[in-house]
Amino acid sequence: SRWGDGQRHREERRRGSETLEPPSGTGVYGPEESQQVVFGDVCPLLTSLIDGYNVCIMAYGQTGCGKSYTMLGPHSKEERIPPWGPHSDLGIMPRAAAELFRLIAENPSRRLQVDLSIVEVYNNNIFDLLAKARGMAASGCRREALTTKDARREVPLLTREPVHSAEDFVALAAGSLRLRAELATLVHARSSRSHLIITATLTRGPAAGGSPADQQAERPPLEGRPASGSRGGASCGRAPAGSPGAQQLKEQVHAKLQLVDLAGSECAGVSGVTGSALRETSFINRSLAALADVLGALSERRGHIPYRNSQLTHFLQDVLGGDAKLLVMLCVSPCRKHVAETLRCLGFGARAKQVQRGQASGGSPAPRKPR
Ligand SMILES: Nc1ncnc2c1ncn2[C@@H]1O[C@H](COP(=O)(O)OP(=O)(O)OP(=O)(O)O)[C@@H](O)[C@H]1O
493 SRWGDGQRHR EERRRGSETL EPPSGTGVYG PEESQQVVFG DVCPLLTSLI
543 DGYNVCIMAY GQTGCGKSYT MLGPHSKEER IPPWGPHSDL GIMPRAAAEL
593 FRLIAENPSR RLQVDLSIVE VYNNNIFDLL AKARGMAASG CRREALTTKD
643 ARREVPLLTR EPVHSAEDFV ALAAGSLRLR AELATLVHAR SSRSHLIITA
693 TLTRGPAAGG SPADQQAERP PLEGRPASGS RGGASCGRAP AGSPGAQQLK
743 EQVHAKLQLV DLAGSECAGV SGVTGSALRE TSFINRSLAA LADVLGALSE
793 RRGHIPYRNS QLTHFLQDVL GGDAKLLVML CVSPCRKHVA ETLRCLGFGA
843 RAKQVQRGQA SGGSPAPRKP R
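Going from the sequence shown to my numbering is simple: count from 1 and add 492.
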């Protein structure tokens, strides 16, 4: 949890009390905890990504509790992501980009290339923010998550842009973020009205004199791995621009990183929204409920998982039910008046923790373990 009573938690720990100790696999950060410390716990997932695991890092919580701050950092309208600096408040996304490219540079023999796609899910519609940023009127910017006959999840025509450095990554994200839907509410003056999903797809570039031993040491690509149950494999929709027909390309997807800044759950009475904003709130709450339903169905190991009840869960299908590593950051308010939302948020986290995962499809064989 990001906004907890951090000081009290630390005091209790100093006194050796166990009362506030979080359950295993859970970290608690107070409001004064630095972004660097938070990222310290996230960072090992980037190594998993390079090892071939799909990874999702998701911020969930009440409106105005710090999801965007945690994922992106403090931002202004002009500067959606603050400039890099040793003591800056950069969030998970720019730090993850820096770590990703550091790890890629450390081991060039893997020939990993990174493509980025950025979407927002607004009123249960998926909008391709990279297409929007480039004014792609021809294909429009509305997209749809589909399930193929072989049970793979695909998003046809989704734009993917190659990025060659952390700077490229952050600049592309910052450009798209300007287009994200926002609104001033009674709770938060700059409330996000959509779920933001940044996907970095890692593919292998063509071998440049790689030895047969190198080739053998590599695991089979995700596209070549069997989909487990009804869970989808990796989507391979390519950017329509500049690569006509490229969607058919069977590429070697190594792994995917999804960074998700969810819209805030909110009670309309508290946020004071009316009219079209109330409709947005209703879509936000419904899609978050659909997300909780999916986690509930997965934790109870039901035969049918209702991914298709919302575009959000359909889009995230691979990282919710697939063999991926999912990290949920719960952002909660320390205010007494928000206690009902805080409890709901913790309930969501408890549900996510109950989901048992199968053996992750990337990396070397790992024991079954809970999320
Ligand atoms: N740990 C923190 N330290 C300092 N400021 C913070 C922290 N967390 C959040 N804030 C500030 O609180 C305000 C609300 O945070 P943020 O925009 O991240 O909320 P949110 O959960 O994304 O809201 P919404 O769901 O409405 O978009 C911002 O001005 C942000 O800079």
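Beta carbons: idealized from backbone N, C-alpha and C, even for Gly.
Can you give the Cα-Cα distance for residue i and residue j, rounded to whole angstroms?
i, j, result
"R778", "G788", "15 Å"
"Q527", "D533", "10 Å"
"R587", "A625", "23 Å"
"K817", "L537", "8 Å"
"S802", "A623", "22 Å"
"V520", "L669", "28 Å"
"C557", "S757", "10 Å"
"H796", "G813", "11 Å"
"A705", "Q554", "A caution first: A705 carries a pLDDT of 45, below 50, which makes its placement in the model unreliable, though a value can still be read off. One C-alpha to the other measures close to 51 Å."
"R603", "S825", "43 Å"
"A782", "L808", "12 Å"
"R594", "T639", "34 Å"
"A823", "L541", "In the sequence on display, residue 823 carries Cys and not Ala. Cα to Cα, the separation comes out at about 24 Å."
"Q605", "H656", "8 Å"
"A738", "V847", "Because A738 sits at a pLDDT of 43, beneath the cut-off of 50, its placement in the model cannot be relied upon, and the following sentence gives the value as read from the coordinates. Distance between the alpha carbons of A738 and V847 is about 36 Å."
"C535", "F661", "17 Å"
"L649", "R828", "46 Å"
"I584", "L838", "21 Å"
"T562", "I596", "24 Å"
"E659", "S684", "24 Å"
"T805", "L780", "9 Å"
"R771", "S791", "30 Å"
"A842", "T539", "26 Å"
"E833", "F840", "11 Å"
"K559", "T518", "17 Å"
"E612", "L671", "9 Å"
"C548", "A589", "14 Å"
"P523", "S580", "16 Å"
"H567", "E525", "18 Å"
"V530", "F775", "30 Å"
Using only the heavy atoms of ligand 1, determine whether one of them is closer than 7 Å to the beta carbon of residue i.
i, result
"Y614", "no"
"P586", "no"
"P826", "no"
"T555", "yes"
"Y561", "yes"
"G795", "no"
"A589", "no"
"G756", "yes"
"C899", "No answer is possible for residue 899: the residues shown for the chain start at 493 and end at 863."
"S684", "yes"
"G558", "yes"
"C535", "no"
"P566", "yes"
"P798", "no"
"P523", "yes"
"C823", "yes"
Whole-angstrom Cβ separation of residue i and residue j, contact assumed at under 8 Å?
i, j, result
"S686", "Y614", "4 Å"
"T651", "S609", "6 Å"
"A663", "V647", "Rounded, the Cβ-Cβ distance is 23 Å, inconsistent with contact."
"G544", "H746", "6 Å"
For a quick check, are the C-beta atoms of residue i and residue j less than 8 Å apart?
i, j, result
"A665", "I690", "yes"
"V811", "A844", "no"
"Q750", "T695", "no"
"D785", "A551", "no"
"D866", "P654", "Nothing can be reported for residue 866, as the shown portion of the chain is limited to 493 through 863."
"G565", "L592", "no"
"R634", "N617", "yes"
"K748", "N599", "no"
Any heavy atom of ligand 2 within a distance shorter than 7 Å of the CB on residue i?
i, result
"C633", "Although ligand 2 was asked about, the structure shown includes only ligand 1 as ligands."
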